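Residue numbers (mature numbering (1 follows the signal peptide of the UniProt record, and there is no 0)): -19 to -1, 1 to 373.
Here you go:
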């Protein structure tokens, strides 16, 4: 029994084994291998056209500040200094102006003293003038009465002509004395002398005010906060009244550029940037010219959003053209007037019709694609609809 069992085992071991099922081939016989392609992810955005122009940054406000008075310069700030409004930039020798102010004040004090003295004398003189007028009037009335009496006696032959002439002369003298006394009192009432003295006081006061202004003008100050751009005088030099002493620019800058009219029209929707020495600042369109100049360009003025330096800069403006899926222009093929791209779906290249919305340089905005789809780029010349592809 044991021998029979061993015999059966040997037969089973020597029997031929069944063949394994054949592995599935990687590709059917005659089928081309998958084409390796590169792809990019479709992203939606705004296609912009970029333009560039030279710009120049200048102070928004600039002033050539002149000396108000003439004098010798004793102090001058350096160009590049930043100053506050009202701060002295150039200082003239103040000694002559201080002396002139002191002399004007003394003249005013003298004029005021003369006026006060005249007013006091006027108050004290009135009683005497009134008494003098009353006396002159009494003398006049007496002389007139005596003359009239003598005239009647002369007609009666009781008085000599010589005596009558003497009395007439006395009458004329009395009349003159009365007129003088009356005029003196009237002049006191009119205050002509006091009026003249008051005018002298006012003139002296004006001279003091002028001297004070001159002393103040000896310090030539900044009319606004800014940076000293240029200084035209140096210590020891003579600065004449009306002569520019320094040039001041405000700290806030404006950028000026010149563009073709058709570009200017599109700036209202553009994103504006100013670049200078590696720095970049967004800018806002402040104003633009109405008509082109002799160079057929229109001036535009911009306000930078960040601090920059005076001088040359580059204006970069990006004008929006269209919103859609943004692709390299080479990813879009055109066949028989129809634009399309290749997308990868389940390992195959599929044509996807698209509509070109706008193109700027090597970029296009298209409609007809969904964001995040994988678009073949660069597109192999041999790629066709349905080709097997492998995205790298």
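In this text, a Cβ means the ideal position worked out from N, Cα and C, and glycines have one as well. Note that the structure is predicted; figures quoted are calculated from it, not measured.
Report the rounded CA-to-CA distance for residue i versus residue j, giving the unit in angstroms.
i	j	result
residue 261	residue 255	6 Å
residue 59	residue 211	8 Å
residue 29	residue 341	7 Å
residue 314	residue 34	33 Å
residue 214	residue 239	35 Å
residue 320	residue 236	43 Å
residue 271	residue 279	7 Å
residue 328	residue 15	8 Å
residue -10	residue 372	Only weak support is given to the placement of residue -10: the predicted model assigns it a pLDDT of 32, under 50, and the question is left unresolved by the model.
residue 229	residue 63	9 Å
residue 364	residue 352	22 Å
residue 157	residue 118	10 Å
residue 135	residue 153	19 Å
residue 133	residue 160	26 Å
residue 141	residue 147	10 Å
residue 303	residue 25	11 Å
residue 338	residue 206	50 Å
residue 45	residue 174	49 Å
residue 122	residue 138	24 Å
residue 125	residue 99	36 Å
In chain order, what residues of the same chain lie with their CB nearer than 8 Å to the CB of residue i, ignoring the 5 residues before and after it?
i	result
residue 257	38, 289, 290, 292, 293, 294, 295
residue 82	189, 192, 193, 195, 196
residue 344	28, 307, 308, 309, 310
residue -17	Here residue -17 scores only 35 on pLDDT, less than 50, and its place in the model is too uncertain to base an answer on.
residue 2	With a pLDDT of 41 at residue 2, under the threshold of 50, the modelled position of this residue cannot be trusted, and the question is left open.
So, at 6 Å on beta carbons, what are the nonlocal neighbours of residue i in its own chain, with the 5 sequence-adjacent residues on each side left out?
i	result
residue 252	299
residue 198	49, 50
residue 185	88, 89, 92
residue 366	332
residue 17	371, 373
residue 78	195, 196, 199
Assuming residue i and residue j are in contact, meaning their beta carbons sit under 8 Å apart, how far apart are those beta carbons, in whole angstroms?
i	j	result
residue 178	residue 96	4 Å
residue 61	residue 218	Between residue 218 and residue 61 the Cβ distance is about 20 Å, and since that is not below 8 Å, they are no contact.
residue 312	residue 368	Between residue 368 and residue 312 the Cβ distance is about 16 Å, and since that is not below 8 Å, they are no contact.
residue 41	residue 234	6 Å
residue 203	residue 287	Between residue 287 and residue 203 the Cβ distance is about 25 Å, and since that is not below 8 Å, they are no contact.
residue 162	residue 102	The pair is not a contact, with the Cβ atoms about 17 Å apart (cut-off 8 Å).
residue 225	residue 47	5 Å
residue 131	residue 144	6 Å
residue 305	residue 347	6 Å
residue 244	residue 52	Wrong, their Cβ atoms sit about 52 Å apart, outside the cutoff.
With DSSP as the reference, please indicate the residues paired to residue i in a beta bridge.
i	result
residue 47	225
residue 208	63, 230
residue 364	According to DSSP, residue 364 bridges with nothing at all.
residue 256	261, 295
residue 301	29
Does at least one heavy atom of the ligand SAH sit under 7 Å from the Cβ of residue i?
i	result
residue 331	This structure simply doesn't include the ligand SAH, nor any ligand for that matter.
Using C-beta distances below 7 Å, list every residue in its chain close to residue i, excluding the 5 sequence neighbours before and after it, in chain order.
i	result
residue 55	72, 73, 74, 216
residue 273	242, 279
residue 301	27, 29, 250
residue 285	234, 236, 255, 262, 264
residue -19	Reliability fails at residue -19, whose pLDDT of 33 lies under 50, so the model's placement of it is uncertain and no value is given.
Touching by the beta-carbon criterion (3+ pairs, under 8 Å), the segment 235 to 252 and the segment 262 to 269: yes
Meets three-Cβ-pair contact criterion under 8 Å: the segment 323 to 334 and the segment 356 to 363: yes
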